[in-house]
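Numbered continuously in this note's numbering, the first sequence closes out at residue 906.
Quick reminder that beta carbons are idealized off the backbone N, C-alpha and C, glycines included.
The structure under discussion appears below in the form of structure tokens.
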Amino acid sequence: MQQEYIPADIETAVQQWWHDQQTFRTVEDPHKEKYYCLAMFPYPSGQLHMGHVRNYTIGDVISRYQRMQGKNVLQPMGWDAFGLPAENAAIKNKVAPASWTYDNIDYMRGQLQRLGLGYDWERELATCTPEYYRWEQWLFTRLFEKGLVYKKTAAVNWCPVDNTVLANEQVVDGCCWRCDTKVEKREIPQWFMKITDYAEQLLNDLDQLSGWPEQVRAMQANWIGRSEGVEIKFGITESDEVLSVYTTRPDTLMGVSYVAVAAEHPLALRAAQTNIELQTFIEQCRQMETSEAAMETAEKQGVATGLMAIHPVTGELVPVWAANFVLMGYGTGAVMSVPAHDQRDYEFANKYGLPIKQVIEPTDSAEYDLSKAAFTAKGALINSQQFDGLTSADAFNAIADFLEQQNKGEKQVNYRLRDWGVSRQRYWGTPIPIINCPDCGAVAVPENDLPVRLPEDVVVDGSGSPIKSMPEFYQCACPQCGAAAERETDTFDTFFESSWYYARFTCPDNDKAMLDERADHWLPVDQYIGGIEHAVLHLLYARFFHKLMRDEGLVSGDEPFKNLLTQGMVLKDGTKMSKSKGNTVDPQALIDQYGADTARLFMMFAAPPEQSLEWSDKAVEGSNRFLKRLWRSVQEHIEQGEVAELDIDVLSDELKALRRQIHQTLTKVGDDIGRRHTFNTAIAAVMELMNTLGKLTDNSEQARAVIQEALEIAILMLSPITPHICHQLWQLLGHDEAVVNVSWPQVDESALVQDKVELMVQVNGKLRSKVSVVADADKDAIELIAMADENVKRFIEDKEIRKVIVVPGRLINIVVAG
RNA sequence: GCCGGGGUGGCGGAACUGGUAGACGCGCUGGAUUCAAAAUCCAGUUACUUCGGUAGUGGGGGUUCGAUUCCCCCCCCCGGUACCA
Numbered sequence: 089m090q091q092e093y094i095p096a097d098i099e100t101a102v103q104q105w106w107h108d109q110q111t112f113r114t115v116e117d118p119h120k121e122k123y124y125c126l127a128m129f130p131y132p133s134g135q136l137h138m139g140h141v142r143n144y145t146i147g148d149v150i151s152r153y154q155r156m157q158g159k160n161v162l163q164p165m166g167w168d169a170f171g172l173p174a175e176n177a178a179i180k181n182k183v184a185p186a187s188w189t190y191d192n193i194d195y196m197r198g199q200l201q202r203l204g205l206g207y208d209w210e211r212e213l214a215t216c217t218p219e220y221y222r223w224e225q226w227l228f229t230r231l232f233e234k235g236l237v238y239k240k241t242a243a244v245n246w247c248p249v250d251n252t253v254l255a256n257e258q259v260v261d262g263c264c265w266r267c268d269t270k271v272e273k274r275e276i277p278q279w280f281m282k283i284t285d286y287a288e289q290l291l292n293d294l295d296q297l298s299g300w301p302e303q304v305r306a307m308q309a310n311w312i313g314r315s316e317g318v319e320i321k322f323g324i325t326e327s328d329e330v331l332s333v334y335t336t337r338p339d340t341l342m343g344v345s346y347v348a349v350a351a352e353h354p355l356a357l358r359a360a361q362t363n364i365e366l367q368t369f370i371e372q373c374r375q376m377e378t379s380e381a382a383m384e385t386a387e388k389q390g391v392a393t394g395l396m397a398i399h400p401v402t403g404e405l406v407p408v409w410a411a412n413f414v415l416m417g418y419g420t421g422a423v424m425s426v427p428a429h430d431q432r433d434y435e436f437a438n439k440y441g442l443p444i445k446q447v448i449e450p451t452d453s454a455e456y457d458l459s460k461a462a463f464t465a466k467g468a469l470i471n472s473q474q475f476d477g478l479t480s481a482d483a484f485n486a487i488a489d490f491l492e493q494q495n496k497g498e499k500q501v502n503y504r505l506r507d508w509g510v511s512r513q514r515y516w517g518t519p520i521p522i523i524n525c526p527d528c529g530a531v532a533v534p535e536n537d538l539p540v541r542l543p544e545d546v547v548v549d550g551s552g553s554p555i556k557s558m559p560e561f562y563q564c565a566c567p568q569c570g571a572a573a574e575r576e577t578d579t580f581d582t583f584f585e586s587s588w589y590y591a592r593f594t595c596p597d598n599d600k601a602m603l604d605e606r607a608d609h610w611l612p613v614d615q616y617i618g619g620i621e622h623a624v625l626h627l628l629y630a631r632f633f634h635k636l637m638r639d640e641g642l643v644s645g646d647e648p649f650k651n652l653l654t655q656g657m658v659l660k661d662g663t664k665m666s667k668s669k670g671n672t673v674d675p676q677a678l679i680d681q682y683g684a685d686t687a688r689l690f691m692m693f694a695a696p697p698e699q700s701l702e703w704s705d706k707a708v709e710g711s712n713r714f715l716k717r718l719w720r721s722v723q724e725h726i727e728q729g730e731v732a733e734l735d736i737d738v739l740s741d742e743l744k745a746l747r748r749q750i751h752q753t754l755t756k757v758g759d760d761i762g763r764r765h766t767f768n769t770a771i772a773a774v775m776e777l778m779n780t781l782g783k784l785t786d787n788s789e790q791a792r793a794v795i796q797e798a799l800e801i802a803i804l805m806l807s808p809i810t811p812h813i814c815h816q817l818w819q820l821l822g823h824d825e826a827v828v829n830v831s832w833p834q835v836d837e838s839a840l841v842q843d844k845v846e847l848m849v850q851v852n853g854k855l856r857s858k859v860s861v862v863a864d865a866d867k868d869a870i871e872l873i874a875m876a877d878e879n880v881k882r883f884i885e886d887k888e889i890r891k892v893i894v895v896p897g898r899l900i901n902i903v904v905a906g
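Right, here's the structure in full:
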């Protein structure tokens, strides 16, 4: 009597069994190869979304596969629990961010467990607990003593009506999301970490990351943006001031027709005191959003400051302009402008009627037209006095040397990377462990006084962080002189917490230290999995933190993540699922209706992990259908009773072919899961095998033996993807040991041997026929057989054969004239 | 704007190293089963075709015996853009 496939029953039972057996509890084992698999931990937003299901299923499939390879697999899970949404929810629902967050964690933990993910829950952590954040406070104070953190003013988005700082996300079309007021830029003092001190390492160590996608390494390299150039000093007339500019094209120095400074540049601010037009312009720039996209796409505008700069070589005077495209945060906040050889300068010069002076001409016959566009390629110098005739490369050095001798400039390596501003004027985050004393200045909170606890019993109303109006939080004594002082009320950027959680998972129970020797046992993470949207920021900050922790003696490697898999998004109707678009699909409903195995199978089958995945209700049904067929196939097989021993010497050709397919599939699936991570093609291969099996009409003893082999191998291959149904079917096939503890099957090489192969026959690159030849046929024999083929003859008769190309095992191409 | 990725049947995708374009799945069509439906099973399914073939992987050009794959130019979509996580 056949059992029906009821996923909910099977899955609950199997999950209970894993729980009882402590299947996924992991302890360090010196006798086994370790494998640390980590999927980016979620923000506890309230419920899982499809992106989570995809992310964690990928991690679980890899973890289970590696376990079948005999490795000691660590797969932990936790919560990136600080962040803005908790404050928004607090305002909306009048509930404290802490309780909202903890409730969400409890609910989402249940959802993850229902998906059958093999986590070691004993290592669970939440970043909003003092047990976690105390250690990053501790690290920050260490870095403070080392001089790796500092305070300076930086621009934020400011809403003048709500009197609060806005995240870029809270700025909609340049206005506050809540009151629609025009957002302003405001400069306020903030803490920065000197990531630029590590720029060179962060760039160079990308070479160690051969297990990372090339595109992510490229993005990080571009983000760090190392450039070699020259810092050049321009004098300012009627003053002793020096205006430094940074350029990567010193060869164009003689073509400078103006100098542009950022609106917030001290020189512009000073000139504005006596210049109404400039004042207005700076005011306008203040109304710009702080995001790079907004800055760069805004129309290029400027105002002359009235100041004149002195050219360091010729002594000529060139005007100083304030311009909205010059960023105060990059280089020196000032650039020299060479309209003839830079497109942005060119457009700006045309707009404001500034001179365009050509100083570079091509060394080849490249065409250019300065009346239409700038000539931006390198070449040879003209109109450049003593530097005429030099190539751009030679002129780079000649001009740099000249300036250095004159004390008017020097070569410099510059990075696009800016120091990391970690201050947030928000409540729901880790308090910055600094005390501001009127006499001693900024003082780190002593180790004994850590953690600085964030009060959790608060009311958030949108008018700014509640701890900023809690004297009981911020009033304190200076740890150095004992005078009355005030605590920082800003909190850390939440990227702070997510920059080291991977390490804490190795020793989450240690209450004496940030990390212990277990960190070096498990790190680096062997496989890290997360969204491509994290390609730069999170992954760069985590790499930076790893190096900080290394230099503190906490870990010994240079890099945290050996292999990286960047998963694509889950889309519906071609766009990202989002509440605002109303195109979300709740994974819970999916699990409730079809079970976790179907959800997992669909996620793995619908697209390769790195590509975006288009949601489809119908395709989910298809995945479910396959599992039902699989279930039935096993049931029908076992109903026929005992299976005889397989004797490979007596098999029919059909059964030999089936065994070949079984072991070809096994080879492919192992490669697809283990190396390529293309779970979709792995599943397709198993489906093909099952389709072949379904067509088999032979029900001899030996056929049943081969079917048993096929089903066993199919179940083992699918078990990392759909572990619950496979657990059950494995038992039905007569095994006592649980499938989760079984090793990956061995390929029988002898089954793969083939005596005949099919070759494609092309004439002039077009497929004309197929021929079957013995596997070890030589080129001449293949040629003869192909030429003799009727269909081929038609296309080659009466024609001169120019060439014959034979690709062994694949095809033969006959090239004829005419 | 800048950086990165993508574009293949009606749809999701496959083709891994330049060698059978469209595996596998969905959908659709026809059939079987059924009182009927659902479910299930079987067959077919790129377009055009004089049934020999021809065209075809966003558009245009190039390299090659052979290009979805390599090169050049262009178009469109998506991600990131430093205070969303």
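If you check the beta carbons only, do VAL408 and ALA623 fall under 8 Å apart? Position 320 of the first sequence, counted from the first residue, corresponds to residue 408. Position 535 of the first sequence, counted from the first residue, corresponds to residue 623. No.
Give the list of continuous alpha helix (DSSP H) stretches no shorter than 4 residues that lie fully inside the stretch 662-712. 675-682, 684-693
Tell me the residue span of the beta strand (DSSP E) that contains ASN524. By 1-based counting over the first sequence, the position of residue 524 is 436. Looking at the DSSP string, the run of the beta strand (DSSP E) that includes ASN524 is 522-525.
List in chain order: all unbroken beta strand (DSSP E) runs of 3+ residues lying wholly within the stretch 306-377. 314-324, 330-335, 346-349
What is the DSSP secondary structure of CYS814, counted as helix, strand or coil? For this step, residue 814 is matched to residue 726 along the first sequence. Helix at CYS814.
Within the same chain, show all residues whose beta-carbon is closer than 8 Å to that of GLN493, passing over the 5 residues directly before and after it, in chain order. For the purposes of this step, residue 493 is identified with residue 405 of the first sequence, where counting begins at 1. No residues qualify anywhere along the chain.
Just to confirm, are GLU121 and LYS159 a CB contact at a threshold of 8 Å? Taking the first sequence and counting its residues from 1, the one referred to as residue 121 is at position 33. Taking the first sequence and counting its residues from 1, the one referred to as residue 159 is at position 71. It is a contact, given that the beta carbons lie within the stated cut-off.
Under 8 Å, do GLU797 and LEU734 count as touching if we go by C-beta distance? Along the first sequence, read from residue 1 onward, the residue named residue 797 stands at position 709. Along the first sequence, read from residue 1 onward, the residue named residue 734 stands at position 646. It is a contact, given that the beta carbons lie within the stated cut-off.
For the stretch 216-224 against the stretch 342-358, are there 3 or more C-beta pairs whose distance is under 8 Å? no
Which of the three DSSP states, helix, strand or coil, is assigned to ARG764? One-based indexing of the first sequence puts residue 764 at position 676. DSSP places ARG764 in helix when its eight states are reduced to three.
Return the residue from the list VAL406, THR451, GLN474, CYS373 that minimises the CA-CA distance to PRO442. Residue numbering aside, residue 442 sits at position 354 when the first sequence is read from its first letter. Note that residue 442 corresponds to Leu in the displayed sequence, not to Pro. Among VAL406, THR451, GLN474, CYS373, the Cα nearest to that of LEU442 belongs to VAL406.
With C-beta atoms as the reference, is PHE280 less than 8 Å away from TYR238? Counted from its first residue, the first sequence places residue 280 at position 192. Counted from its first residue, the first sequence places residue 238 at position 150. Their beta carbons are under 8 Å apart, which means PHE280 touches TYR238 by this criterion.
DSSP bridge partner residues for ALA607 (one or two, in chain order): Within the first sequence, numbered from 1, the residue matching residue 607 stands at position 519. According to DSSP, ALA607 bridges with nothing at all.
Check TRP246 in the structure and name its three-state DSSP category. Start at 1 with the first residue of the first sequence, and residue 246 comes out as number 158. Here TRP246 sits in strand by DSSP.
Based on DSSP bridge pairs, tell me the residues matched to PRO519. Residue mapping note: residue 519 aligns to position 431 of the first sequence, counting from 1. THR579.
In angstroms with no decimal places, state the Cα-to-Cα distance between ILE761 and ALA770. Taking the first residue of the first sequence as 1, we reach residue 761 at position 673. Taking the first residue of the first sequence as 1, we reach residue 770 at position 682. About 7 Å.
If contacts are defined as beta-carbon pairs under 8 Å, then ILE283 and TRP508 qualify, I think. What distance do you get, rounded to the angstrom? If you number the first sequence from 1, residue 283 lands on position 195. If you number the first sequence from 1, residue 508 lands on position 420. Between TRP508 and ILE283 the Cβ distance is about 5 Å, and since that is below 8 Å, they are a contact.
Are GLU560 and ASN524 close, meaning C-beta to C-beta below 8 Å? Position 472 of the first sequence, counting from 1, holds the residue named residue 560. Position 436 of the first sequence, counting from 1, holds the residue named residue 524. The answer is no: Cβ separation not under 8 Å.
Using 10 angstroms around the beta-carbon of PRO338, count the other beta-carbons present and answer buried if the total reaches 16, otherwise exposed. Within the first sequence, residue 338 is the residue found at index 250, counting from 1. By the 10 Å Cβ count, PRO338 comes out buried.
Beta-carbon spacing of VAL259, GLU377 below 8 Å: One-based indexing of the first sequence puts residue 259 at position 171. One-based indexing of the first sequence puts residue 377 at position 289. Yes, Cβ-Cβ distance for VAL259 and GLU377 is below 8 Å.
Enumerate in chain order the residues of its own chain whose CB-to-CB distance from GLN500 is below 7 Å, with the five nearest sequence positions on each side excluded. As a working note, residue 500 is residue 412 in the first sequence. Contacts found: GLY317, VAL318, GLU319, TYR334.
Extent of the continuous alpha helix (DSSP H) run through ALA178: Your numbering for residue 178 matches position 90 in the first sequence. Here the alpha helix (DSSP H) through ALA178 covers 172-181.
Proximity to LEU505 [Cα-Cα], best of ILE795, GLN446, GLY417: Working through the first sequence from its first residue, we reach residue 505 at position 417. Measuring from the Cα of LEU505, the nearest candidate turns out to be GLY417.
Taking the Cβ atom as the reference point for each residue, do LEU847 and ILE900 lie within a distance shorter than 8 Å? Looking up residue 847 in the first sequence gives position 759. Looking up residue 900 in the first sequence gives position 812. It is a contact, given that the beta carbons lie within the stated cut-off.
When you compare the stretch 665-673 with the stretch 125-142, are there three or more beta-carbon pairs, one atom per stretch, that lie closer than 8 Å? yes
Is it the case that the Cβ atoms of ARG764 and ALA839 are separated by a distance below 8 Å? Against the first sequence, residue 764 aligns to sequence position 676. Against the first sequence, residue 839 aligns to sequence position 751. Not in contact: ARG764 and ALA839 (Cβ atoms no closer than 8 Å).
Within its chain, find whatever has a CB closer than 7 Å to the CB of GLY897; leave out the 5 residues flanking it on each side and keep chain order. Within the first sequence, numbered from 1, the residue matching residue 897 stands at position 809. So the list reads VAL845, once near-sequence residues are dropped.
Which residue's Cα is closest to the Cα of ILE276: CYS264, LYS240, THR269? Position 188 of the first sequence, counting from 1, holds the residue named residue 276. Nearest C-alpha to ILE276: LYS240.
C-alpha gap between CYS528 and ILE522, whole angstroms: One-based indexing of the first sequence puts residue 528 at position 440. One-based indexing of the first sequence puts residue 522 at position 434. Each residue's alpha carbon lies about 12 Å from the other.
Give me the Cα-Cα distance between TRP105 and HIS609, rounded to the nearest whole angstrom. Against the first sequence, residue 105 aligns to sequence position 17. Against the first sequence, residue 609 aligns to sequence position 521. Their Cα atoms are separated by approximately 29 Å.
SER721 vs THR686 beta-carbon contact at 8 Å: Here residue 721 refers to the residue found at position 633 when the first sequence is read from its first residue. Here residue 686 refers to the residue found at position 598 when the first sequence is read from its first residue. Contact: no.
Is the distance from the Cβ of PHE632 to the Cβ of TYR207 below 8 Å? Working through the first sequence from its first residue, we reach residue 632 at position 544. Working through the first sequence from its first residue, we reach residue 207 at position 119. No. Outside cutoff.
Relative to the alpha-carbon of TYR440, which residue among ALA411, PRO808, ALA309, GLN375 has its alpha-carbon at the smallest distance? Residue numbering aside, residue 440 sits at position 352 when the first sequence is read from its first letter. For the residues ALA411, PRO808, ALA309, GLN375, the minimum Cα distance to TYR440 belongs to ALA411.
Have a look at THR654 and GLY166 and give me their C-alpha separation to the nearest angstrom. Working through the first sequence from its first residue, we reach residue 654 at position 566. Working through the first sequence from its first residue, we reach residue 166 at position 78. Computed Cα separation, rounded: 19 Å.
DSSP three-state call for ARG541: helix, strand or coil? Start at 1 with the first residue of the first sequence, and residue 541 comes out as number 453. Note: ARG541 maps to coil in three-state DSSP.
Enclosing alpha helix (DSSP H) for ILE873 [first to last residue]: Counted from its first residue, the first sequence places residue 873 at position 785. It spans 867-876 - the alpha helix (DSSP H) in which ILE873 sits, taken as one unbroken run.
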